[in-house]
Amino acid sequence: MTPRDDGRPDQPAVVLRDLGKRFGAFAAVDRLSLTVGRGEIFGFLGPNGAGKSTTIRMLCGLLAPSAGGGSVAGFDIAAEPERIKERIGYMSQKFSLYEDLTVEENIDFYAGIYRLPAARREARKQWVLAMAGLEGRRTALTATLSGGWKQRLALGCAILHEPPIIFLDEPTAGVDPLSRRSFWALIYQLADAGVTVFVTTHYMDEAEYCDRLGLIYRGELIALGTPEALKGAMREDLVEISCDQPQAALAIVEALPGVHHAALFGRGLHVVAADAGTAIPVLAAALARAGLRSGPPERIVPSLEDVFVSLIEARDRQTAPQAEVVR
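Structure follows, in C-alpha cells:
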C-alpha cells in the first residue's frame, strides 16, 4: 500500500502542543506535548483511563480540545478537522465493523464513507479481502468471524483510502497471540511503505515493536523515548527473586527499607530497590528469617513492564504529598 496524500509533507505527521481535555472538573488529558515523525511507529501506552483514547479522538477530529492544540498531517485539529479526516485511518477497540453486515458489505460501506472513486473501489476491495485472508468468505456475516479475522478486516476498512497516517486504538485487544503477531507484521509493512502508525496498546511485548513510546498516566505524559532508552534510563535497580511462596514473600519484601516497589512475576518476585548491592543481602536475610525457600536474589535488566511500573510508582510517590495537602 502506498499512501496517496501526505497533506503538508514539510511538517511532522502529528504534533501536540500542551493539548488538554477536561470533562467538568476532571482533566482527562493534561498538557500533552510531543511530535511524531512521518513513517514512524509511535506507541502510546498507559493504564486504563489514562487518557489514551481521549487523545486519539482529539487527533482524529472527533473531540474538541479544551486547551492547547496540535496538528495532524499539517492541519490544525481544532480548525481543520475535516481536512484531517480525509487523510487518516482510525481503528477503534471495537474494530469499527457492523456485525450484521457481510464482509463485502462492510468493505463497500467504508468505500462509500471514504468516497473512493468507482474505478478504485473494486481493486481496493480485492486488496482488503486478500490481506485479511477472506477471499472465500466475502458473503459471511461479520458477526461469525473470529477475532483475528475481524481485526484484519477492520484494519483493511480503515485504510481503504490509503491514508498517510493511521490511528489504532488498542487494535489487538481480545485476539490470540498468533493473530497479534500477524497484525504487527501488517503494521511493519505499512510503516515500510511510509505510513505513520500511532498505536495504543497495553501489551508490553508489543511496545517493543515501536520506534518510540510515550507513557501517559492520569492524563500526563510521564515518559517519552525509544524502548531501549526508556529501559536504560531507569534510575532504580531491579532484583529478581524465585520463591516457593511468592505471595507470602511479597508481604515481607514490601515492608523492607530500601524497597520502592515489589510485584509478583511468574513464580517469583520483581523488586525495585534504590540500590541492588544493599538490597540483595537484606532481601535474602528477611526471607530466610521467615522460613521461605528462595533462590539467591539477583539484579536483572528491567523489561518495559518493569520500567513503566517503576515510573508510575514514582509519579504516585511524587504526587501523594500534594494530594494529602489538598484533602
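Numbering-wise (my numbering), the sequence shown opens with residue 5 and increments by one.
Every residue, glycine too, gets a C-beta built ideally from N, C-alpha and C.
All values derive from a computational prediction rather than experimental measurement.
Legend entry - Alpha carbon of M95 to alpha carbon of F269, nearest angstrom: 32 Å
Legend entry - Cut-off 6 Å between Cβ atoms - residues of its own chain near S37, not counting five sequence neighbours on either side: L20, R21, D22
Inset, instruction - Look at the Cβ atom of R216, then the Cβ atom of V33, and state whether they are nearer than 9 Å. - result: no
Inset, instruction - Taking only the alpha-carbon atoms, compute the straight-line gap between P51 and D279 and give it to the nearest angstrom. - result: 27 Å
Inset, instruction - Please state if the CB of V107 and the CB of R91 are separated by a distance shorter than 9 Å. - result: no
Legend entry - Opposing strand residues paired with L242 [DSSP bridges]: V276
Legend entry - C-alpha gap between P306 and P250, whole angstroms: 19 Å
Inset, instruction - On the DSSP bridge assignment, give the partners of L36 in chain order. - result: L23
Legend entry - Minimum C-alpha distance to G272 - residue among P261, V257, H264, L101: V257
Inset, instruction - Can you grab the Cα-Cα spacing for the pair E328 / R319, in whole Å? - result: Note that E328 scores 45 on pLDDT, short of 50, meaning its location in the model is unreliable; the coordinates nonetheless yield the value given after this. Approximately 14 Å between the Cα atoms of the pair.
Inset, instruction - Check whether the stretch 45 to 61 touches the stretch 218 to 231, counting contact only when three or more Cβ pairs, one atom from each stretch, lie closer than 8 Å. - result: yes
Inset, instruction - For V330, name the three-state secondary structure that DSSP assigns. - result: Any reading at V330 must be qualified, since the residue scores a pLDDT of 40, below 50, and its modelled position is unreliable; the value itself is stated next. In the structure shown, V330 sits in a helix (DSSP, three-state: H, G or I).
Legend entry - Identity of the residue in Q322, I191, I117 nearest T204 by Cα: I191
Legend entry - Residue closest to S100, alpha-carbon to alpha-carbon, out of M62, D173, F312: D173
Inset, instruction - With a cut-off of 8 Å on the beta carbons, I'd call G262 and A294 a contact; round off their distance for me. - result: No, G262 and A294 are not in contact; Cβ-Cβ is about 17 Å, not under 8 Å.
Inset, instruction - Tell me where the alpha helix (DSSP H) around A177 begins and ends. - result: No alpha helix (DSSP H) contains A177, which DSSP labels as neither H nor E.
Inset, instruction - Give the range of the alpha helix (DSSP H) segment to which R124 is assigned. - result: 122 to 136
Inset, instruction - Out of I245, D180, P168, I226, state which residue places its alpha-carbon closest to the alpha-carbon of K154. - result: D180
Legend entry - DSSP-derived helix/strand/coil call for A29: coil
Legend entry - Contact under 9 Å by Cβ, A267 with L254: yes
Legend entry - First and last residue of the uninterrupted alpha helix (DSSP H) at R42: Here R42 belongs to no alpha helix (DSSP H), and DSSP marks it neither H nor E.
Inset, instruction - Run through the stretch 56 to 99 for me and flag every whole beta strand (DSSP E) of 3 or more residues, listed as ranges in chain order. - result: 71 to 76, 92 to 95
Legend entry - CA nearest to the CA of Y102, picked from C214, A158, A197: A158
Inset, instruction - State the start and end residues of the unbroken alpha helix (DSSP H) segment that holds Y114. - result: 107 to 117
Legend entry - Reference P69, options L194, G78, P85, closest by Cα: P85
Inset, instruction - Check whether the Cβ atoms of L260 and A292 lie closer than 9 Å to each other. - result: no
Inset, instruction - Take H405 and list the residues in its own chain whose beta-carbon comes closer than 7 Å to its own, dropping the five residues that flank it on each side. - result: Lying before the first or after the last residue shown, residue 405 is absent from the chain, which here runs from 5 to 331.
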